[in-house]
Amino acid sequence: MSETNNGVVNGATVNTNTVETRRTISPYDLTAADNPGAVISHPLLKGSNYDEWACGMKTALCSRKKFGFLDGSIPRPAEGSTDLEDWWTIQALLVSWIKMTIDCHFVRTSPIEMWPKTCGTT
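Residue numbering for the sequence shown follows the UniProt record's numbering, starting at 1 and increasing by one per position.
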């Protein structure tokens, strides 16, 4: 969003544009709503409703900027990286969110392992 300010300097009209910078939210950021016991999407996956479930989960995760942790576009940071501890936190959160929305026979320990299983590719 930008704002234009008009003023007069020495008899001439001067336009000054002020540009506001938009704050970008990091995918590592968490909010009070990002709790591991939350069911972030409905309906629950029961097998035959995969397409509907996957669409809801992807939408919920994208809106939280977390889907990249599942599809690999946000890779695990290198050892010693300041982001590594936060990456593990997000991994645990994703496991919990997925477990909260699927039938128990799909349960795994890694969100990267769980995602293909829900797709039926493993």
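No residue lacks a Cβ here, since even glycine has one placed at the ideal position from N, Cα and C.
Here the structure is a predicted model, which means the values were calculated and not measured.
Check                                                                                                                                                                                     : Outcome
Do you know how far the Cα of Thr18 is from the Cα of Glu52?                                                                                                                              : 44 Å
Using a threshold of 8 Å, state whether the C-beta atoms of Ala38 and Trp97 are closer than that.                                                                                         : yes
Comparing C-alpha positions only, which one of Cys104, Asp103, Trp88 and Glu113 sits nearest to His27?                                                                                    : Here the sequence assigns Pro to residue 27, which means His is not the residue at that position. Nearest C-alpha to Pro27: Trp88.
If the criterion is Cβ atoms closer than 8 Å, does the pair Lys58 and Phe67 meet it?                                                                                                      : yes
Do Asp103 and Leu61 have their C-beta atoms within less than 8 Å of each other?                                                                                                           : no
Return helix, strand or coil for Trp115, following the three-state DSSP convention.                                                                                                       : helix
Kindly indicate which residue of Glu113, Asp83 and Glu85 has the alpha-carbon position closest to the one of Asp71.                                                                       : Glu113
Which value, in whole angstroms, describes the spacing of the CA atoms of Ser41 and Arg22?                                                                                                : 28 Å
Counting only runs that start and end within the UniProt domain "Retrotransposon Copia-like N-terminal" (33-78), where is the alpha helix (DSSP H) found for 4 or more residues in a row? : 50-63 and 67-71
Please return the same chain residues whose Cβ sits closer than 7 Å to the Cβ of Asp83, not counting the five positions on each side in sequence.                                         : Tyr28 and Pro77
Quick one, which of Glu85, Pro111 and Ser81 has its alpha-carbon nearest Val95's?                                                                                                         : Pro111
Spatial neighbours of Pro43 within its chain, please: CB distance less than 8 Å, with the 5 preceding and 5 following residues excluded, ordered by chain position.                       : Asn49, Glu52, Trp53 and Gly56
For Ile90, count the other beta carbons within 10 Å of its own beta carbon; 16 or more makes it buried, fewer makes it exposed. Which is it?                                              : buried
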